[in-house]
Each structure stands twice: as C-alpha cells, then as structure tokens.
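*Asks:* Take this structure, written in structure tokens, and hold onto it; I'll ask about it next.
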C-alpha cells in the first residue's frame, strides 16, 4: 500500500492473489466479483503459443467471440463498466483502490477513455502495475497507466 498511500476503500477481485494484495492496504477489503479476471473457459492456462492461431485471431477480431465456456471481451466490458460507474459516484468523497487483473483493468481503461473494448489488444499491463483513473467534474480521466516504478 505504500506506493499508493492512504485510501478510504479497497475493492478486490475474489481471486486469492488479488485479496492478498488488497490486504496490504490499511483499509477493509470489499470483494466484488465484477473485478475477477476474464473467464478464459477452455483456454484457461493455455499459453498463447499452444492455442491454434485461428483461435487468437477470432478473439482479436471479434469482441463477441468467447472460448468455449468462457467470456467475450464485450461481456467483460458489460461486467466492469457498471462497477466503474458505481465507484465514480464516490469520487471526491473517497479514495478507492481496486485490486484486479489485466483484462478487467483494461476494460476500466476503455471506460475511462470512452472507447470500446477493442483497446484491450493495443495496450500492455505488467504484473503488479498501477493504473490511476481519477473522476473529475467532467467524468473519468486516465492519470496513470501501467506504472511499475514502485517495483524497481
């Protein structure tokens, strides 16, 4: 928590690694399932190089495509955007940290920039990075993205 400073609320994905990170902050942790990683379905745990190229091309070219048993990027955005909207309602009153995963963070990035989920393929997030979305008088503003300076 020292890289970020004091916060009023900590929201976490239910996955254990996220909850463990969230517990590093000196605030109660609220688990919100909307921040869980994208459901990769049958592809869960499959390295990119091990899946057929046609699979990755379908996913990259169609926001509605999902692996068997999984979730599309459009579905992810539909899950994350309401969570972002809810948190934006406490802007100016509370400083909130969300501990999540690559895909939901990219969906929040898309929300903050007012663009669609196709952006997920055009940005990289490092493990343990910090992304800052501030809510101002005119809505969300991306203030920082993929910051890993606290890890150096």
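In the working numbering, the protein residues as written are 5 to 156.
Beta carbons: idealized from backbone N, C-alpha and C, even for Gly.
Please list, in chain order, all residues of the same chain as residue 112 whose beta carbon is under 7 Å from its beta carbon, the five residues on each side excluded.
*Replies:* Within the same chain, residue 112 has close Cβ partners 84, 88 and 137.
*Asks:* Mind the definition here: the stretch 90 to 100 touches the stretch 65 to 75 only if three or more C-beta pairs lie below 8 Å; say whether that holds.
*Replies:* Flag = no, the stretch 90 to 100 and the stretch 65 to 75 do not touch.
*Asks:* Which class does residue 143 belong to by DSSP, given the choice of helix, strand or coil?
*Replies:* Strand, per DSSP.
*Asks:* Give me the Cα-Cα distance between residue 114 and residue 22, rounded to the nearest whole angstrom.
*Replies:* Between residue 114 and residue 22, the C-alpha separation is close to 21 Å.
*Asks:* Output needed for residue 68: all residues of its chain with C-beta closer than 6 Å, excluding positions within five of it in sequence on either side, in chain order.
*Replies:* Cβ within range, chain order: 76 and 78.
*Asks:* Near residue 104, which residues of its chain fall below 7 Å by C-beta distance, leaving aside the five closest residues on each side in sequence?
*Replies:* 17, 22 and 39, listed in sequence order.
*Asks:* What are the start and end residues of the alpha helix (DSSP H) that includes residue 76?
*Replies:* Neither: residue 76 is in no alpha helix (DSSP H) and is coded neither H nor E.
*Asks:* With 16 other CB atoms within 10 Å as the buried threshold, where does residue 56 fall?
*Replies:* Looking at its Cβ environment, which holds fewer than 16 other Cβ atoms inside 10 Å, residue 56 is exposed.
*Asks:* Go ahead and pull the three-state DSSP assignment for residue 132.
*Replies:* Residue 132 falls in the coil class under three-state DSSP.
*Asks:* Using a 10 Å radius around the Cβ and a threshold of 16 neighbouring Cβ atoms, would you call residue 146 buried or exposed?
*Replies:* Residue 146 should be labelled exposed.
*Asks:* Counting along the chain, where does the beta strand (DSSP E) carrying residue 13 start and finish?
*Replies:* It spans 13 to 16 - the beta strand (DSSP E) in which residue 13 sits, taken as one unbroken run.
*Asks:* Please report the distance separating the alpha-carbon of residue 135 from that of residue 110.
*Replies:* Each residue's alpha carbon lies about 10 Å from the other.
*Asks:* CA-CA distance, residue 131 and residue 140?
*Replies:* Going from the Cα of residue 131 to the Cα of residue 140 covers about 27 Å.
*Asks:* Tell me which residue opens and which closes the alpha helix (DSSP H) that residue 106 is part of.
*Replies:* Residues 106 to 117.
*Asks:* Who are the Cβ neighbours of residue 31 in its own chain at under 7 Å, not counting the five residues just before and after it?
*Replies:* Closer than 7 Å at the Cβ level, and outside the excluded window around residue 31, lie 11, 12, 13 and 14.
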